């Protein structure tokens, strides 16, 4: 019988040695394995108690596709550290402290004024406990006011984006990271940056020495919900300028009663007597579709406003000044080429930059972009130096100084005042860079870039016809957005298909071996697939698709996309390996081995369980429960003293 049992386990080692455990499990010393749990707060990971064995993620987290979640926050952000923390449900989290609900939407609200002696200065930060470094305050000060040459009299709205100072801790528990995983990749927050949403007022006021009242109300947030915050500022800023601080405090108190920004749910956000209704998209939504939020009749006296989108800009209006070059601009953004938008005001520059970044959706634009950039920006020297090639970044500028400073950049878009054409736009040729002298130069695209793809005349005719027929700008934007979406999908589908083929077959996965590795991406192999399964299957556009792919494979956008897919597939392999483990009779295995070997197995299984939760592996909840049952059954078969230790022992 003994010989028979040994033969049934061919991987079992000779007497006196431990057999190999399932792959990916490293055996620590027995003393360390049986050590009591580390007290909470002393730097260890043990929490104590049997509940530590229980998986926390539900089906919504465990089964989620990693591809749709996209890349995790990068090295510049504190969210990376928060990822390892204990996630809690939004309801638990939001009941912890005042201002947690506020922090889910905004970092803070700032008021920036003009002082004759100091220049721009942050007058108010609310809530008062909000943390901003001196460098961040300086950036906010300069980015919250238009350049003096803009001549923005009256009210102006725009947005900017700036780097967060490194080494900052996350003030809010990491349930926000859970919400982030449900978002489409292009809406995920980038922990290294803040957005600033500005409502600037400049009006004549003879009672002031300067002769003008100049002030900005600024919302600072990690969320790229441009339309939501623009709408919100439009409602509250004019009243704030009349009523001042008490009104601002009331606004912030309203925001602190908002539900968390859960994707896929219809949210009702009360703000000073108005209810904004909206729905944040999820990764499950079909690209190009916009959730419809019905404007329901309110039983009470509050006015309801349904927002058609939280993040989209008026695409057609933004691209009007460069109407005939939209396809070339799509290529430049896709390839991560350095781009400057020179505009007469921050409103035009910020909207155009945001439109450019969104034109490759559902791909995420992985380089830096600055909707409004000034000579005072902390990255000014870094981005304008001539000692190296211009970086992969899109800048929106208004200061004439940039016409000279950035004249070595390869692609410059010059736009005038954005207004919808009353007649069919005239054809505008691409201009040579040497013709761009100042910001007074005529609107157009200044570049020597030659597009890889032939021009699509159909989309130009369709939009021109819309202008003739006085089609609403919203409808024109829908047509343009669908055009960009189909173009991007035609381009990315062959890459998706090839990368999926790098995944090992499921039959190659064994619980007693390491998960198999992904095959290497080969540019030559990928290019060979294009002949039969290239973009020609879904797009009628002719041109040098091969050249476009070769250029794209060297770009930051490909690097970001591929790393995201690689991580997703690696985690899928880990999940399949975990499922293979669950399908083994691990209790039977433990009965045939020593207590030391069984303890080793239990600790490794507990680590596997926590890895599945910590890394949000796409594992079915039933599989996690089954693994938990295996662990419990193995522990209960051990002597009482070992049971006590194993139930209290934390895992790493």
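In UniProt numbering, the protein residues as written are 1 to 652.
Ideal placement from N, C-alpha and C gives every residue a C-beta, glycine not left out.
Computed from a prediction, not measured in an experiment: that's the story for all the values here.
Of all the options the options, which has the alpha carbon lying nearest to the alpha carbon of residue i?
i           : options               : result
residue 101 : 260, 615 and 307      : 260
residue 368 : 625, 608 and 161      : 161
residue 592 : 634, 582 and 610      : 634
residue 495 : 526, 234 and 510      : 526
residue 648 : 624, 622, 606 and 105 : 606
residue 211 : 114, 269 and 198      : 114
residue 220 : 185, 130 and 262      : 130
residue 166 : 146, 505 and 135      : 135
residue 128 : 321, 184 and 253      : 253
residue 279 : 273, 309 and 338      : 309
residue 615 : 472, 594, 575 and 584 : 575
residue 371 : 363, 381, 470 and 358 : 358
residue 404 : 191, 379, 234 and 375 : 375
residue 515 : 504, 521 and 522      : 504
residue 355 : 318, 451 and 159      : 318
Quickly, what does DSSP pair residue i with across the bridge? List them, please.
i           : result
residue 394 : 339 and 369
residue 163 : 193
residue 201 : 155 and 215
residue 208 : Answer is none; residue 208 lacks a bridge partner.
residue 268 : 277
residue 220 : 108 and 196
residue 305 : 276
residue 543 : 453
Can you tell me whether residue i is buried or exposed? The criterion is at least 16 other CB atoms within 10 Å of its CB, across all chains shown.
i           : result
residue 21  : Bear in mind that a pLDDT of 42 at residue 21, under 50, signals an unreliable position, so the number given afterwards is only what the model happens to contain. Result: buried.
residue 133 : exposed
residue 59  : Residue confidence is low: residue 59 scores 33 on pLDDT, short of 50, so the model does not pin down where it sits. Its coordinate-derived value is still stated next. Residue 59 comes out exposed.
residue 558 : buried
residue 456 : buried
residue 661 : No statement about residue 661 is possible, as the shown extent of the chain runs from 1 to 652 and does not include it.
residue 579 : buried
residue 119 : exposed
residue 97  : exposed
residue 276 : buried
residue 643 : exposed
residue 237 : buried
residue 216 : buried
residue 639 : exposed
residue 325 : buried
residue 546 : exposed
residue 178 : buried
residue 203 : exposed
residue 641 : exposed
residue 348 : buried
residue 342 : buried
residue 629 : exposed
residue 121 : exposed
residue 623 : buried
residue 501 : exposed
residue 596 : exposed
Which residue comes first and which comes last in the beta strand (DSSP E) that contains residue i?
i           : result
residue 411 : 411-414
residue 277 : 274-279
Mind checking which residues open and close the alpha helix (DSSP H) that includes residue i?
i           : result
residue 646 : 640-648
residue 611 : 595-614
residue 587 : 586-591
residue 186 : Here residue 186 belongs to no alpha helix (DSSP H), and DSSP marks it neither H nor E.
residue 574 : 556-582
residue 330 : 326-334
residue 254 : 245-255
residue 625 : 621-636
residue 383 : 380-384
residue 319 : 315-319
residue 523 : 523-533
residue 346 : 346-358
residue 387 : Counting along the chain, residue 387 falls outside any alpha helix (DSSP H), and DSSP gives it neither H nor E.
residue 405 : 401-405
Return yes when the C-beta of residue i is under 6 Å from any heavy atom of the ligand FMN, and no when it is not.
i           : result
residue 140 : Among the ligands in the structure shown, none appear at all, so the ligand FMN cannot be discussed.
>> Threshold first: 4 residues or longer. Then list the alpha helix (DSSP H) segments lying entirely within the region 439-514, N to C.
In response: Fully enclosed alpha helix (DSSP H) runs of 4 or longer: 457-468 and 473-500.
> Can you list the beta strand (DSSP E) stretches of 3 or more residues lying completely in the region 113-145, in chain order?
Replying inline: Fully contained in the region 113-145 are the following beta strand (DSSP E) runs of length 3 or more, in chain order: 119-126.
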